[in-house]
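Everything on this sheet refers to the single structure shown next.
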Amino acid sequence: MHAQHVRRTRQSLFHVLAASAALSVSTTGLAQEPATAASPHTFTANVGLISNYVFRGMTYTQNRPAIQGGFDYAHASGLYLGVWGTNVSSKAINDASLETDFYGGYAWSTGDWRFDAGLLQFYYPGNPRLPGTREKYNTLEAYGSVGWKILTLKYSHTLTDFFGYNSASMGTNQGSSRGSGYIELNADVPLPYEVTLGLHIGRQFVRHYSAYNYTDWRVGVTKAFGEGWSASFAYTGTNADRDLWVADGKRLGKAHWIIGLKRTF
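Its first residue numbered 1, the sequence shown is counted upward by one per residue in full-length UniProt numbering.
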């Protein structure tokens, strides 16, 4: 198959060169038009179906499927903006049915090194509140990451309360959870047949509410099929306190198997 592809490429190149030569002869003496410059703007979209929406080890669809999708804009300078959404369970996020994430930042690279910094806003339409309180789940984070070859280290820092955690919502005098953080290490290992092995470990810190701190991990594989299609399969879990991270009697952070199908345009 590879040899056939090489032959087709060479034949195509021969025809292009021949056509170019003929065009050059027929237009002798005429000024050549400059080649069209590549646009510095890139727009992409994605849509996917996943068996369980799990974020940082926690299920937010109560182990049920989710339809997810988003739009991204990137500039050649490294600036980017995006929006992404998914359905959620009203039992995991009280009275919510949708999560919408808005983000933007600047990414650049040099050699084998990659860098990224930006802001991420978690927004729940209708502004649902934690049960029995007036505190909203909406959360703003600043993030920064550094990558080297297959490894990426990232830190996210809340600029607001961590999903509404504060003295009013928690019934304590411990104060705001602003300044909570999440640190994660990811490895994307390329395998044969366009398969990528993904390894992840992360640690969530909730400021002033350390009982809610936990570690999560994930092992998964992603297979690319061409034309923007990919399929994924993963296993994820946490060591979160089973009595605290619970909704409607179900543990949010227990181990989960996840399968997904995605298309990028």
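Here a beta-carbon is modelled for each residue, glycine too, at the ideal position from N, C-alpha and C.
Sequence-distant residues of the same chain with beta carbon closer than 7 Å to residue i, five excluded per side
i	result
S230	T222, K223, A224 and K262
A211	D241 and L244
L49	P65, I67, G260 and L261
Nearest-angstrom Cα separation, counted from residue j out to residue i
i	j	result
I201	L153	10 Å
G228	T264	5 Å
L30	G226	Unreliable positioning characterises L30 in this predicted model, as indicated by a pLDDT of 41, which lies under 50. A coordinate reading is not provided.
V47	N173	43 Å
T215	R203	4 Å
L191	I150	12 Å
Own chain residues within Cβ distance below 6 Å of residue i, not counting five before or after
i	result
L140	Q121, L159 and T160
A247	K91 and A92
R207	S177, G179 and S180
G198	D188 and G220
W84	G70 and D101
V146	F115 and L153
A107	G78 and D116
Own chain partners of residue i with C-beta closer than 8 Å, once the 5 adjacent residues on each side are dropped
i	result
R129	N94, D95, E135, K136, Y137 and G164
Helix, strand or coil at residue i according to DSSP, with G and I counted as helix
i	result
Y212	helix
A168	helix
Y182	strand
P65	coil
N138	coil
R207	coil
W245	coil
Residue i, enclosing beta strand (DSSP E) - first and last residue
i	result
G156	The sequence given here has Ser at residue 156, not Gly. That run of the beta strand (DSSP E) goes L151 to T158.
V88	Here V88 belongs to no beta strand (DSSP E), and DSSP marks it neither H nor E.
Y60	Taken as a continuous stretch (DSSP letters only), Y60 belongs to no beta strand (DSSP E), as it is neither H nor E.
Supposed close pair residue i, residue j - CB separation, criterion 8 Å
i	j	result
F102	Y124	That belief does not hold up - the Cβ atoms of F102 and Y124 are roughly 12 Å apart, past 8 Å.
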